[in-house]
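The structure appears right after this line, and notes come after that.
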Amino acid sequence: MASQPRTGTVKAKVVLLGEGAVGKTSIVLRYVENRFNDRHDSTLQASFLQRTLNIGPKRIQLAIWDTAGQERFHALGPIYYRDAQGAIVVYDITDVDSFTKAKNWIKELRRIVGEDIAVCIVGNKIDLEKNRTVLTTEAESYAASVGATHFSTSAKQNKGIQELFLDLSKRIIDSGLSAQQPKNDKLFAAQTTGRRSIIVEDDFSQPAETLVSTDGGSKCC
Ligand code: GDP
Ligand code: MG
0 MASQPRTGTV KAKVVLLGEG AVGKTSIVLR YVENRFNDRH DSTLQASFLQ RTLNIGPKRI
60 QLAIWDTAGQ ERFHALGPIY YRDAQGAIVV YDITDVDSFT KAKNWIKELR RIVGEDIAVC
120 IVGNKIDLEK NRTVLTTEAE SYAASVGATH FSTSAKQNKG IQELFLDLSK RIIDSGLSAQ
180 QPKNDKLFAA QTTGRRSIIV EDDFSQPAET LVSTDGGSKC C
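Note that numbering that gives the first Met the number 0 gives residue 213 to position 214 of the sequence shown, counting from 1, and the numbers run on in steps of one.
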């Protein structure tokens, strides 16, 4: 595709929400580093990842926030998602209870943030289709009823992950949500001190792709 002039970079904060062990960290690690860990480590902090996407003439810088496992202790407060422009609410397709929890997160999000946030609901672990207990049709119609889009993913097999982030980015741009930025740059800086951060740059309109790791290339958290 021929390159077009950019119209400036917009910034957006995206948060991962959902019950412990549904695959939030795995989705982020797959998206940013294209790797997967079979072992669940609730203390593993992917934490803060920044990825810039060029979508046609638009450029969006996503600050992607993963939890540090606080959801296990019901200790994930509004400070985590209050100023987000996008939310990815994950459930495990083999765990119907995690879908109920996802619905609770949506209620909480709407109560605190209102409609000013683009929401994706994600059924993860579709490689375990034989153990599915949440119907896709039910999850899709629920998502539509709350103004969210639904995605089916497998972090393990790298299915649906790129599509998820691309859709969310487009919706943030199209709805003008990112225009409220920058309101939390200082907050980002304060909250990311000492935490692992990765910056990846994508381009959906040009072939070039660059990868910059701010942790000096270390794979350690
Ligand atoms: P989090 O607590 O929501 O961040 O969940 P994790 O990303 O730590 O994943 C929890 C467990 O589920 C780990 O053992 C992962 O290896 C596993 N897992 C994550 N995504 C998938 C997936 O797509 N398929 C399968 N089969 N396992 C997954
Ligand atoms: Mg995690």
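Glycine is no exception: its CB is placed at the ideal position from the N, C-alpha and C atoms. Quick caveat, the model's predicted, so the values are computed rather than measured.
Residue range 85-91 is occupied by the beta strand (DSSP E) that includes residue 90. Proximity of the beta carbon of residue 127 to the ligand GDP is indicated: a heavy atom of the ligand is located closer than 7 angstroms.
Your pair residue 22 and residue 154 checks out as a contact, with CB atoms roughly 5 angstroms apart and the cut at 8 angstroms.
Residue 17 has its Cβ no nearer than 7 angstroms to any heavy atom of the ligand MG. One alpha carbon belongs to residue 93, the other to residue 68, and they sit about 20 angstroms apart.
Within the segment 57-128, the beta strand (DSSP E) runs of at least 3 residues that lie entirely inside it are, in chain order, 57-64, 85-91, 117-123.
Collapsing the DSSP output to three states places residue 27 in a helix.
Burial is judged here by how many other beta carbons sit within 10 angstroms of a residue's own beta carbon; residue 38 has fewer than 16 and is exposed. Assignment of beta-bridge partners to residue 14 by DSSP yields 64, 86. In this structure, the ligand MG has no non-hydrogen atom nearer than 7 angstroms to the beta-carbon of residue 100. Boundaries of the alpha helix (DSSP H) around residue 144: 135-144. Counting along the chain, residue 35 sits inside no beta strand (DSSP E), nor does DSSP assign it H or E at all. For residue 151, the uninterrupted beta strand (DSSP E) segment begins and ends at 148-151.
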